[in-house]
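See structure below.
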Amino acid sequence: MSAETSVPRPRESDVDISDSALFKGMLSEAEFAFAFFDGDGRVQRVNDVFSDVVNVPAERLVGRSPVEVLAADLSQIITHAVQAVIESDAPVTEGRVRVRSAEGDTRHWSLSFSPVHDEAGELRAIALVGLDVTESRQTEEALRRSEERYRSLVEAQSQLVWITSPTGAVVEDAPQWRAITGQGLEEYLANGWLEVVHPEERQHTEEAWRDALRGRTMFEWNYRVRTRASGYRHFEVRAVPIIRHGRVVEWVGANTDVTPQREAEEMRGRLTDQLGAAALRTARLQGATAMLAEALTVEQVVQVIIDVGRTALAADRSAVALLDTDRAALKLVNGEGIPEVSGGGDEIPLSHSNVMTMAVNSRRPVFAESPESLKSQLLEAGGDEEILAGFLAHGDERAWVGLPLLAAGRALGALRFSFTRPQKISQEDGVFLEALAGQCALAVERATLFEREHRTAETLQRSLLPDRLPVVKGLVLAQRFRSGSRHVQVGGDWYDAFVLQDGRVAAVVGDVMGKGVKAAAGMGRIRNAMRALALTNPPPAAVLTGLDRVFEATEEEEQVTTLAYMVVEPVTGEGTLAMAGHPPPVLVSPQGTAILCDAEPGTPLGWPTSRRQFRFVVPPGHTAVLYSDGLVENRKRGLDAGLAEICSVVTEAPPEVVSSPHMLLDFLVDRMLSGYEQDDDVTALAIHVPPATKSD
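According to UniProt numbering, the sequence shown holds residues 1 to 696 in order.
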């Protein structure tokens with residue numbers, strides 16, 4: 001192995017670069033256009049590429065100036081460039097020259113003109129080198145058009161495009177952003193975009209942006225931006241990192257103005273809330289109307305109003321007052337201790353200024369959303385400022401509603417709802433409250449009329465019942481009458497007992513179907529007719545036959561009346577019974593067993609039938625019980641079940657109850673009504689024959 005370590009000298013080329021043939025070959029093979037001009041600007045030599053570009057043969061070009069052989073625009077460019085090189089002895093470049101080819105296409109060329117010197121440094125020629133830049137020109141034009149289209153698209157979409165450095169610093173201007181925000185360029189470049197973000201959202205926005213920078217993840221956010229002219233607008237922003245060779249080189253983002261969409265969403269939300277609230281108010285009003293329709297008495301109406309105030313209005317206190325026109329005052333039905341009434345009274349003179357009297361006097365609702373609002377309204381209505389100041393200072397109420405109860409324009413009273421907190425009352429709430437007051441007024445008027453008729457009917461019914469039962473040796477009579485008038489109108493139940501001319505006792509329990517004054521009056525007519533018939537011709541069958549004729553003559557066809565009538569002998573208990581569609585009597589033995597009378601029930605009065613009577617004995621120590629259907633039948637219990645139940649209840653009675661007709665009736669009524677809502681009058685009449693004694 002040689003120890004020579006020096007680098008070998010390069011081989012000398014045997015190519016003579018001064019060889020004219022070599023030079024000619026280079027010119028002919030080159031893809032560039034070449035031309036040489038002398039000091040006078042005449043063409044000395046050209047290659048084929050140049051000849052093709054100018055579309056003139058080489059032999060016509062040599063020895064001539066460009067003006068003589070070339071097109072005017074091209075000859076002018078070349079002539080000026082050559083002259084500039086001659087004068088300055090420095091290169092000249094024409095960057096863009098358009099030339100039309102022989103095929104009619106337009107080509108773009110870049111021309112460079114350079115001085116050529118001899119060994120003495122004298123200018124020998126001017127060399128032209130031309131490069132076809134058509135493709136690069138087309139590429140640049142396509143890129144320009146693409147950028148213009150992109151810019152137009154961005155502007156059409158109202159997007160604000162921005163660019164930052166890898167660290168998130170703003171490095172390029174965003175004219176659209178500045179036009180909207182009114183920021184200057186220096187302010188924007190100095191992290192100014194964050195300064196126009198809404199203060200409430202600025203910190204969270206900056207933190208989210210920093211997280212995206214650290215994680216090199218897409219940044220998506222929403223925030224409000226302070227604009228130059230219209231306050232704050234909502235923007236959605238999306239930015240992505242541009243990554244090359246694993247490194248972020250920049251961030252490109254776009255902000256989209258979504259204010260119209262956000263406003264539309266908020267409007268839809270508000271409309272949805274309003275519709276929901278309207279539906280809720282409608283449902284509450286319908287519920288209140290339904291409850292008020294079922295309320296028959298003023299007390300029940302007031303309870304419904306209080307419940308509605310508590311549930312639908314979330315009122316802390318509710319009060320109802322009815323107008324007493326004779327005394328020119330409001331009388332509280334249920335005041336819940338409202339502060340306007342001092343000393344525990346229940347009367348408010350109309351001359352006393354408060355929420356309820358103002359509503360009645362003005363016939364308009366009163367809405368006070370704060371103590372200041374109430375004070376202003378009451379002072380305007382003539383209230384005493386000192387009294388008002390004391391009331392507001394010591395009370396815990398902070399908002400009030402007063403509603404007049406109007407029926408056909410006539411004031412019936414007022415409602416009062418109060419709140420221990422300020423209460424905003426919208427226009428929709430006001431409409432709901434007025435509608436509620438209208439329904440309450442109708443319910444109050446209806447309940448007032450009902451109670452008036454009810455009192456009249458009850459008075460009539462009570463007057464037609466006997467004040468006391470006859471006292472007869474060898475017989476004990478007892479009666480129980482429990483009116484269903486607390487919940488329903490007065491019915492036509494009645495009972496009677498009287499001594500006949502032969503010493504026997506007539507006992508009857510009847511029921512005129514229907515309610516109110518009409519039923520009570522019908523009961524009075526039937527009772528009086530029965531007494532007259534019994535005193536004239538006492539046998540039960542004869543009495544019922546006579547009552548059928550009276551019924552046909554005096555009562556309406558749709559009227560239904562039933563009764564059970566018996567005649568009993570004191571001491572022995574021998575008796576006769578006839579029934580007109582009435583429940584059968586119960587015979588209770590001293591041992592506490594019960595037997596239902598199996599006599600034919602017959603038909604109600606007025607129906608064409610042959611009346612029959614049956615022997616019915618009440619042995620000594622036994623008790624016969626006549627009763628109306630209200631004792632054994634109701635909405636949840638049928639007649640057959642009720643008859644079976646009364647026999648069962650008798651067996652549960654203690655001996656001391658069985659032996660006393662008064663205690664027996666109390667026991668039966670209490671046990672038979674236990675667990676059921678009484679929806680009818682209950683009438684019971686007991687005929688007890690005492691057991692025989694040695695003295696007898």
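We put the beta carbon where it would ideally sit given N, CA and C, even for glycine.
A quick note: this is a predicted structure, and the numbers were derived from the prediction, not measured.
In the DSSP annotation of this structure, the continuous segment of the alpha helix (DSSP H) that includes Q83 starts and ends at 72 to 88. In the three-state DSSP reduction, P241 falls in the strand class (E or B). For P115, DSSP records a beta bridge to I126. Looking at R64, E451, D629, A208, the one whose alpha-carbon comes closest to that of F481 is D629.
Between the stretch 440 to 454 and the stretch 384 to 400, the count of C-beta pairs closer than 8 Å stays below three; the two stretches do not touch. A Cβ-Cβ contact shorter than 9 Å links D548 with T609. Where V170 is concerned, there is no enclosing alpha helix (DSSP H), because DSSP gives it neither an H nor an E. Looking at the DSSP output, N354 shares a beta bridge with no other residue.
For A35, there is no enclosing alpha helix (DSSP H); the residue is part of the beta strand (DSSP E) that begins and ends at 33 to 37. No residue range can be given for I338, since it is assigned to no beta strand (DSSP E) and is classified by DSSP as neither H nor E. The stretch 565 to 581 makes no contact with the stretch 640 to 653, as fewer than three CB pairs between them are under 8 Å.
Rounded to the nearest whole angstrom, the CA to CA distance from L577 to L544 is 11 Å. Here I242 is exposed. Its C-beta has fewer than 16 other C-beta atoms within 10 Å. Relative to P404, the option among Q439, E380, F419 whose CA is nearest is Q439. Ranked by Cα distance from A435, the options A359, A288, T106, A411 are led by A288.
Across the structure, V85 and A142 are spaced so that their CA atoms are roughly 34 Å apart.
Listed in chain order, the alpha helix (DSSP H) elements of length 4 or more contained wholly in the stretch 249 to 311 are 259 to 294, 298 to 311. A check of alpha carbon separations from E397 across V550, E369, R98, F616 identifies E369 as the nearest. Secondary-structure assignment with DSSP links K518 through no beta bridge to anything.
Per DSSP, S370 has no beta bridge partner at all. Annotation: the continuous beta strand (DSSP E) that includes R45 extends over 43 to 46.
When C-beta atoms of the stretch 110 to 122 are compared with those of the stretch 62 to 75, fewer than three pairs fall below 8 Å, so the two segments do not count as touching. In chain order, P470, V472, V505 place their CB closer than 7 Å to the CB of V499, counting only its own chain and leaving out the 5 sequence neighbours on each side.
Per DSSP, P349 lies in no alpha helix (DSSP H); the unbroken beta strand (DSSP E) holding it starts and ends at 347 to 349. Taking C-alpha positions only, A174 is separated from H234 by approximately 18 Å. A distance of 9 Å or more separates the beta carbons of H582 and V649.
Within the stretch 433 to 503, complete beta strand (DSSP E) segments of at least 3 residues are found at 476 to 482, 492 to 499, given in chain order.
A straight-line Cα-Cα distance of about 21 Å links T259 and Q203.
When the five nearest sequence neighbours on each side are left out, the beta carbons in the same chain lying within less than 7 Å of the beta carbon of F32 are those of V49, V129, G130, L131, in order along the chain. Shortest Cα-Cα distance from A599 to any of P371, R612, W607 involves R612.
In this structure, L285 and F432 form a Cβ contact; the two beta carbons are roughly 6 Å apart against a cut-off of 8 Å. Membership of P661 in any beta strand (DSSP E) is not indicated; the residue belongs instead to the alpha helix (DSSP H) covering 661 to 673. Beta-bridge partners assigned by DSSP to R317: S418. Straight-line spacing of the CA atoms in L323 and E372 works out to 28 Å. Residue A686 holds the alpha-carbon nearest to the alpha-carbon of S589 among A686, R527, Y676. In this chain, the beta strand (DSSP E) harbouring R226 covers 219 to 226.
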